[in-house]
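Since the structure comes first, as structure tokens, the remarks are kept for the end.
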Amino acid sequence: MNADLALFLPSAIDPETAAFNEQLEKLLSTVPPTHTIPPAITRAAREEGKGTFGPVVTDPDAVIRVVPGRGREVPVRITTPKTRAARGVYIDVHGGGWVLGRAHHGDVRNRAIAENVGLAVVSIDYRLAPEDPYPAGPDDCEDATAWVLKHAQSEFGSARLLIGGGSAGAHLAAVTLLRMRDRHGYTGWAGANLVFGVYDVGQTPSSATWGTRNLVLNSEIMRWFGECYAPPSSWRDPDVSPIFARLHGMPPALFTVGTMDPLLDDTLFMHARWLAAGNEGELAVYPGGVHGFTGFPSALGKKANQKSDAWMNSRLG
């Protein structure tokens, strides 16, 4: 499916989105860029409610579990529908450049998925770089997903599985899909919800040439994230950068991205490769959307989340 070329024109950005982006850029100009702060300090500030975007809102009904992993137990955060039985299980992989973020940071969106789509959401609290670089994060995601595959029916009442995530979460979701295909022989997914993902850790042209303008990400921030995650010598390994993988046997996927995201090319390129490998893939492009726009209180983010929910509902029938 081809995207409408008009979506990429500056004139396609609505006034509300343009105003939001301007305010966001001004806000980010008042704080040090992400890559200049030790990760532990950024993480602590977020947990203390002192992050750039304020306190994290958590779901008091979410349940923390641990599942078996290689050499460690993997924490997962489970959100189940309140008013109906689960129609399936959604494996959520949080974003944060493989360096930041926690499973509970996605509570608001995961509660919405649980209620709007009727899915039990299992969000993986994988290990973070640089303390635990590749392959720690992907290993945790693979191990937790293998547990869900084995126990979905008994734990949640349905064996229908979807997977998704945003940013580095979309990257790790794609890596997990490949590992489940190649190492576990599983390709029975109902769908993959891949939101402004990074699929080439070595940076696609839009990421590499973006420059220093900070709209959540810029070229320097993305390179720093990549170097924290894995050594540059490994960046073309398909298990590190899934855009280089053989993509046959992947599930239907929804690819979501905004046009003001340095990772725009990652989504455009991965969507094209997804289709070329014989898979179903839908591309949703949002004019003016910055990186992470679905997590901000804007009409554009609401529109994209509603589209994702409707798409996942369609995958469940």
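Heads up, the sequence shown is in numbering that gives the first Met the number 0, so the first residue is 0 and it goes up one at a time. Cβ atoms here follow ideal geometry from the backbone N, Cα and C, with glycine treated the same way.
Do you know how far the Cα of F295 is from the Cα of G105?
-> Near 12 Å, if we compare the C-alpha coordinates of F295 and G105.
CA-CA distance, D60 and Q22?
-> Each residue's Cα considered, the two are about 33 Å apart.
Could you work out which residue in V56, L118, P132, R108 is closest to A85 when comparing CA atoms only?
-> Measuring from the Cα of A85, the nearest candidate turns out to be L118.
D265 and G184 closer than 8 Å at C-beta = In this structure, G184 does not lie closer than 8 Å to D265 by Cβ.
Proximity winner among I40, R159, V120, relative to E75 (alpha-carbon distances) = In the sequence on display, residue 75 carries Val and not Glu. V75 has its Cα closest to that of V120, out of I40, R159, V120.
A252 to G165, Cα distance in whole Å?
-> Looking at the backbone, the Cα of A252 and that of G165 are separated by about 13 Å.
Tell me T255's beta-bridge partners as DSSP assigns them.
-> BP columns for T255 point to V194, A283.
Between which two residues does the alpha helix (DSSP H) carrying T16 extend?
-> Taken as a continuous stretch (DSSP letters only), the alpha helix (DSSP H) holding T16 covers 14-27.
How is R182 classed by DSSP in three states: helix, strand or coil?
-> DSSP places R182 in helix when its eight states are reduced to three.
L26 versus N213 - alpha carbon distance | About 10 Å.
Cβ-based burial, S10 [other Cβ within 10 Å; buried from 16] | Counting Cβ neighbours within 10 Å, S10 comes out exposed, since fewer than 16 surround it.
Extent of the continuous beta strand (DSSP E) to which G300 belongs | Boundaries for G300: no beta strand (DSSP E) harbours it, while the alpha helix (DSSP H) harbouring it runs 298-315, taken from the DSSP string.
Would you kindly report the start and end of the unbroken alpha helix (DSSP H) that includes P204?
-> That run of the alpha helix (DSSP H) goes 204-207.
Using 7 Å as the cut-off, classify the Cβ of D106 as near or not near the heavy atoms of the ligand SAM, replying yes or no.
-> The ligand content of the structure shown is nil, which means the ligand SAM is not present either.
What are the boundary residues of the alpha helix (DSSP H) that includes V147?
-> For V147, the enclosing alpha helix (DSSP H) stretches over residues 135-155.
Contact under 8 Å by Cβ, G291 with L299 = No, the pair does not count as a contact, with Cβ atoms beyond the cut-off.
Identify whether I36 lies in helix, strand or coil by the three-state DSSP scheme.
-> Residue state, collapsed to three classes: coil.
Can you tell me which of T78, H93, I90 puts its alpha carbon nearest to the alpha carbon of A113?
-> Checked all of T78, H93, I90; the closest Cα to A113 is T78.
Around the C-beta of E130, are 16 or more other C-beta atoms found within 10 angstroms, so that it is buried, or is it exposed?
-> Per the 10 Å Cβ criterion, exposed.
State yes or no: is the C-beta of A102 within less than 8 Å of the C-beta of S122?
-> Contact: yes.
Could you check what DSSP says for G201 in three-state terms: helix, strand or coil?
-> In this structure, G201 counts as coil in the three-state DSSP scheme.
Going by beta carbon distance, what residues of the same chain come within less than 6 Å of P38, once the five residues before and after it are set aside?
-> Around P38: V98.
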